[in-house]
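Be aware that the sequence shown starts at 3, since it is given in our numbering, and climbs by one per residue. We put the beta carbon where it would ideally sit given N, CA and C, even for glycine. None of these values were measured; they are calculated from a predicted model.
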Amino acid sequence: MINAERNQISQRIALLERASALFDRYGASVPLTIAFLNGWPTEIKFYPELVVGNAWKVFLSLALYQLAALALRRAITFATAGLSP
């Protein structure tokens, strides 16, 4: 692999690393924003009401976003390790 290709790949990995850092920082706000715009949570709810209602979907989506952020961090770690000579 020539140095120009290696530099181009390093730049792309750095761009992906910045994007994944932003996703890790602000990704969890996406499902919360959607839930707030749909009218949840606007009042205090007790646990049985949260389970019966659609609140579990919000918590599940938060967990999925966090797992996606973890997967992106791991992919960048493996990409940078594979690029080093």
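Hey, would you say residue i sits closer than 8 Å to residue j, going by beta carbons?
i   : j   : result
Y67 : A30 : yes
I4  : L85 : no
I78 : E19 : yes
Nearest by alpha-carbon distance to residue i: which of the options is it?
i   : options           : result
F25 : A6, V60, R75      : R75
V60 : A23, L39, L18, I4 : L39
A81 : Q13, G41, N5      : Q13
Distance, Cα to Cα, residue i vs residue j?
i   : j   : result
I11 : A57 : 42 Å
V32 : L64 : 9 Å
From the DSSP output, in three-state form, read off residue i for me.
i   : result
F9  : Sequence check: residue 9 is Asn here, not Phe. Note: N9 maps to helix in three-state DSSP.
S86 : coil
W42 : coil
Starting from residue i, trace the alpha helix (DSSP H) in both directions and tell me its first and last residue.
i   : result
A37 : 31–39
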